[in-house]
Amino acid sequence: KTRSIIRGVGSYLPEKILTNDELAKRVDTSDEWIQQRVGIKQRHIAAEGQYTSDLAVEAAKRAMAAAGVTPDDIDLIIVATTTPDYTFPSAATLVQMKLGMHHGMAFDLQAVCSGFVYGMVTADSYIKNDLSKRALVIGAETFSRLLDWTDRTTCVLFGDGAGAVVLEKAELADDAPEQGILASALRSDGHHWDKLYVDGGPSTTGTTGHVHMQGKEVFRHAVGKITDVVYDTLDKAGYTVDDLDWFVPHQANRRIIEGAGTKLGLPPEKVVMTVGEHANTSAASVPLALSVAVADGRIKSGDLVMLEAMGGGFTWGATLIRW
Ligand code: ACO
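Read in order, the letters of the sequence shown correspond to residues 3 to 325 in UniProt numbering.
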């Protein structure tokens with residue numbers, strides 16, 4: 003049986019940290035309001051001249067170092083991002099160039115906050131269809147550049163960063179223990195497009211635009227959609243919530259994560275939570291959280307790990323991995 007196995011994980015956060023107290027000097031908000039409503043303490047912000055592809059390259063290098071591979075060993079680069087350097091070419095081709103690669107293929111994937119989960123499922127399909135042997139799946143965002151820094155309802159929620167994994171093809175004997183991606187589920191419903199969107203783009207205004215969000219509506223849909231797709235993924239693989247060792251959700255907001263955890267019946271100690279330190283980094287949030295939990299020794303070989311995300315579109319999805 004062919005499986006896509008995670009060989010290495012890495013992440014990168016820009017140096018500059020913006021605290022809630024600093025934000026409160028720009029807009030009418032407070033550390034207390036932000037922490038209580040969404041559980042965010044701080045976010046990292048990319049420096050001027052530091053682009054999404056730069057963040058992605060740093061995370062990719064760390065993932066490759068953890069995997070013990072070099073760019074020569076990679077034949078597919080997927081960058082999940084909503085904030086590419088340019089309208090085109092893709093951030094992924096810029097990452098390919100910055101890694102000194104002339105071989106393989108590279109493209110961006112746009113599913114907003116669900117982008118990394120979509121990217122994992124896409125790379126898994128490429129591997130299982132003999133299109134790739136070893137992929138870099140990267141979630142990278144400079145989301146700070148989409149924010150209206152005078153709008154307190156959105157600017158407090160997001161941050162910049164990148165996370166990456168090396169996903170590798172493995173041929174397992176039929177009786178070998180399961181490893182790698184076991185099952186996944188992806189969904190979208192474009193009827194919800196205007197609940198969370200950016201009011202700009204090449205085909206509409208010709209500008210970049212800013213994030214707009216109906217916060218209560220997003221909240222209302224989030225928990226149900228997250229839990230549906232998690233149950234669906236577990237069902238496909240023949241597992242239940244009790245079998246899970248770790249739940250690594252998209253880090254939008256502490257109350258959404260806790261709501262989903264409670265509805266699933268997961269003990270809080272199995273839920274990886276980094277939203278306090280990273281804020282919502284959109285497509286980067288899942289690999290950033292994963293990278294933290296691998297680095298601190300929580301996620302270990304043999305563990306059953308559920309990745310999940312939901313975001314603009316709406317898009318949502320989950321993927322189950324035997325580590
Ligand atoms: N600081 C202080 N006050 C604020 C702020 C802020 N940053 N933002 C809004 N307020 C005020 C509002 O103006 C309003 O004041 P008013 O009553 O005088 O009009 C009051 O707080 C309550 O506003 P609501 O919008 O009703 O607040 P709510 O309880 O819905 O909380 C929140 C807002 C936290 C955004 C919530 O709706 C939420 O968590 N939604 C999910 C949004 C999310 O996570 N989006 C991330 C992207 S989506 C994804 O990644 C899945």
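Cβ atoms here follow ideal geometry from the backbone N, Cα and C, with glycine treated the same way.
Close beta carbons around residue i, own chain, < 7 Å, minus the five adjacent residues each side
i: T242; result: L236
i: V307; result: D247, W248, V250, I301, I323, W325
i: G192; result: G315
i: T124; result: I80, L111
i: L96; result: S55, D87
i: S190; result: G315, F316, T317
i: D305; result: D247, W248, W325
Residue i versus residue j - alpha carbon distance
i: A295; j: P86; result: 27 Å
i: D74; j: M66; result: 11 Å
i: E279; j: D23; result: 14 Å
i: K265; j: A69; result: 35 Å
i: K197; j: G102; result: 40 Å
i: M215; j: V40; result: 15 Å
i: I42; j: V273; result: 16 Å
i: M122; j: V139; result: 6 Å
i: D234; j: K3; result: 22 Å
i: H104; j: D33; result: 47 Å
i: E173; j: A94; result: 27 Å
i: T209; j: I129; result: 37 Å
i: F90; j: V29; result: 33 Å
i: A82; j: M312; result: 14 Å
i: L25; j: W35; result: 12 Å
i: H176; j: L188; result: Here the sequence assigns Asp to residue 176, which means His is not the residue at that position. D176 and L188: Cα-Cα distance of roughly 27 Å.
i: H46; j: T21; result: 9 Å
i: D245; j: S146; result: 37 Å
i: D298; j: E60; result: 19 Å
i: Q38; j: R222; result: 18 Å
i: E219; j: A178; result: 45 Å
i: S303; j: G267; result: 24 Å
i: L148; j: L184; result: 35 Å
CB-CB length for residue i against residue j, believed under 8 Å
i: L322; j: A224; result: Not quite, the Cβ-Cβ distance comes to about 20 Å (not below 8 Å), so this is no contact.
i: D110; j: S92; result: 4 Å
i: T84; j: V114; result: 5 Å
i: E310; j: V232; result: 6 Å
i: S6; j: D132; result: Not a contact, Cβ separation roughly 12 Å.
i: V158; j: T31; result: 6 Å
i: I259; j: M275; result: 6 Å
Residue burial classification, residue i (beta-carbon count within 10 angstroms, cutoff 16)
i: Y88; result: exposed
i: G12; result: buried
i: G161; result: buried
i: W195; result: exposed
i: K227; result: buried
i: T206; result: exposed
i: G203; result: exposed
i: Q44; result: buried
i: A62; result: buried
i: E271; result: exposed
Cut-off 8 Å between Cβ atoms - residues of its own chain near residue i, not counting five sequence neighbours on either side
i: R136; result: R9, V71, D75, I76, D77, L78, V168, L169, E170, K171
i: A49; result: P16, E17, K18
i: T155; result: M215, G217
i: L290; result: S13, L15, G141, G163, A164, G165, Q253, T276, H280, T283
i: Q52; result: P16, T144
Beta-carbon contacts of residue i that lie in its chain and below 6 Å, excluding the five residues immediately before and after
i: F150; result: It should be pointed out that residue 150 corresponds to Asp in this sequence rather than to Phe. Contacts found: H212.
i: Q98; result: I79, A108
i: P269; result: none
i: R64; result: G12
i: Q180; result: Correcting the residue type first, residue 180 is Glu in the shown sequence and not Gln. The residues are R324.
Cβ pair residue i, residue j closer than 8 Å
i: Y120; j: L57; result: no
i: T283; j: A262; result: no
i: G141; j: G117; result: yes
i: V288; j: R256; result: no
i: A320; j: S186; result: yes
i: S55; j: K27; result: no
i: G182; j: S293; result: no
Residue-level contact to chain C via CB, residue i, 8 Å cutoff
i: I80; result: In the displayed structure, chain C is absent; only one protein chain is listed.
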